[in-house]
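Heads up: the structure comes next, in structure tokens.
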Amino acid sequence: MGQVFDKLRGKQWRHKQVQAICDCVFDRFKLETGRANLTFEELYIAVLLVYNDINKRLPGPHFDPPSKDLVRSMMTECDMNLDGEIDREEFVKFIELLTTDTLAVVSQGLIISLIVAPTVAIATKKATEGVPGVGKVVHKLPTSVYATLVTLAVVWVNSDTA
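Structure representation (structure tokens):
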């Protein structure tokens, strides 16, 4: 249950997830190249890896990575020391800026799945009790169990359509 509340905290949870993904990707490049900064080509490959991790770790639809042109223009914005390369701190800021919309979609999906679905389930339980065949089962189920089942169904449907 603690994980659910962590996800509902919003920006702190998103920052923690982005930081973990960025650290993993950045450390991979640091080991391969032996350098502390990323060039543009390495940055674009890192962006592809980050989007791969986002698609694997976070719930929601598949997100396509940005184009090279967008990455190049954002690199110039995030390169604070103007050395033409991105260090670890600049990389985290770059990825947070790049994935703002992506993570907003994930957050909206969590809100729908974890707040709206149980509320709708509880509100419509009485109407569902009148459905022939299903009504008797719904009537016998406690409201909390019914809301949980509907929520799980919504999460399952969202994960299949994603």
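If you count by the numbering used here, then the sequence shown holds residues 421 to 582, one letter each, in order.
Note that beta-carbon positions come from the ideal geometry of N, C-alpha and C, so glycine has one too.
- By the Cβ rule, the segment 457-466 counts as touching the segment 490-499, because three or more pairs are nearer than 8 Å.
- Sorting 502, 469, 519 and 498 by C-alpha distance to the C-alpha of residue 446 places 469 at the top.
- The alpha-carbon of residue 507 is positioned some 24 Å away from that of residue 484.
- For residue 490, the three-state secondary structure derived from DSSP is helix.
- With a threshold of 16 other beta carbon atoms within 10 Å, residue 554 falls short and is exposed.
- Between the alpha carbons of residue 550 and residue 563 lies a distance of about 15 Å.
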